[in-house]
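Numbering (the working numbering), first residue to last: 67 to 314.
Even glycine gets a Cβ: it sits at the ideal position worked out from N, Cα and C.
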């Protein structure tokens, strides 16, 4: 009996992105997320409201005219969200499609999915962009509404393939940039099977208007982006621990 091709709930597609993986990327933003991050820049992706259904055939048709551009300098596709692992069957099929088109695949994830689901998905994933919102359990729970241990377990699994994992951290001054935070983040990264680079992303408030449009209260309205001194301090701390730091 033939298995029916999965259908995805897609919020939007960015055709030639440059921020979420190497080279030029076609970025599929999927709808639905199990985190409620207080600094989320895309709260409109939390639910399926306003999303569209997309088949793998449609995704293939979307990618075909972009192939000459995406194949340059190691480009490919990235699946983000929302949280893409909530639609793991669709993402797996989409990544298989991308590999048939000779494109690399990147997964931008909060890492909260089950390890059984992760095993299957990681087999078709070339790059994992793992968002570790905080390295202190209480702060992670406060920022996301979800526990930290599943995220760390996912990262351990992803790091088993050389060159696959990148740890991402949005730097929130006074929230997740303390010595304890950076100590824990460094210790975790250095404990993995292969030590990944850490992509530090400065906090910004560009998504605040979306919260207002959705009738949601943005609790970090008073928080300012990191100053150059705060940024340099965090970078230097991680580098001194032996980590490679990328500015996102």
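DSSP beta-bridge partners for residue i?
i, result
"residue 120", "74"
"residue 245", "Note: residue 245 sits in no beta bridge, so no partner."
"residue 236", "267"
"residue 101", "BP columns for residue 101 are empty, so no partner."
"residue 222", "Looking at the DSSP assignment, residue 222 forms no beta bridge with any residue, so it has no partner."
"residue 313", "266"
"residue 92", "143"
Would residue i and residue j be called neighbours here (beta carbons separated by less than 8 Å)?
i, j, result
"residue 87", "residue 142", "yes"
"residue 362", "residue 206", "An answer regarding residue 362 cannot be provided, because it is not within the stretch 67 to 314 covered by the chain."
"residue 184", "residue 220", "yes"
"residue 263", "residue 297", "no"
"residue 32", "residue 228", "The question about residue 32 has no answer, for the chain in this structure spans 67 to 314."
"residue 62", "residue 95", "Given that the chain is displayed from residue 67 to residue 314, the structure contains no residue 62 and the question cannot be resolved."
"residue 272", "residue 239", "no"
"residue 126", "residue 97", "no"
"residue 132", "residue 81", "yes"
"residue 110", "residue 276", "yes"
"residue 274", "residue 287", "yes"
Mark residue i as exposed unless 16 or more other C-beta atoms lie within 10 angstroms of its C-beta, in which case mark it buried.
i, result
"residue 93", "buried"
"residue 153", "buried"
"residue 102", "exposed"
"residue 91", "buried"
"residue 292", "buried"
"residue 257", "exposed"
"residue 150", "buried"
"residue 210", "buried"
Cβ contact (3+ pairs, closer than 8 Å) linking the segment 191-207 and the segment 229-236: Yes, since at least three Cβ pairs between the segment 191-207 and the segment 229-236 fall closer than 8 Å, the two stretches touch.
Pair every Cβ in the segment 188-197 with every Cβ in the segment 117-132, then say whether three or more of these pairs are closer than 8 Å. Counting Cβ pairs under 8 Å, fewer than three are found: no touch.
Between the segment 282-289 and the segment 250-257, do at least 3 Cβ pairs fall closer than 8 Å? No contact exists between the segment 282-289 and the segment 250-257.
Going residue by residue through the segment 129-214, where are the continuous alpha helix (DSSP H) segments of at least 4 residues, counting only ones entirely within it? Residue ranges of uninterrupted alpha helix (DSSP H) with 4 or more members, entirely inside the segment 129-214 and ordered along the chain, are 133-136, 154-166, 181-188, 203-210.
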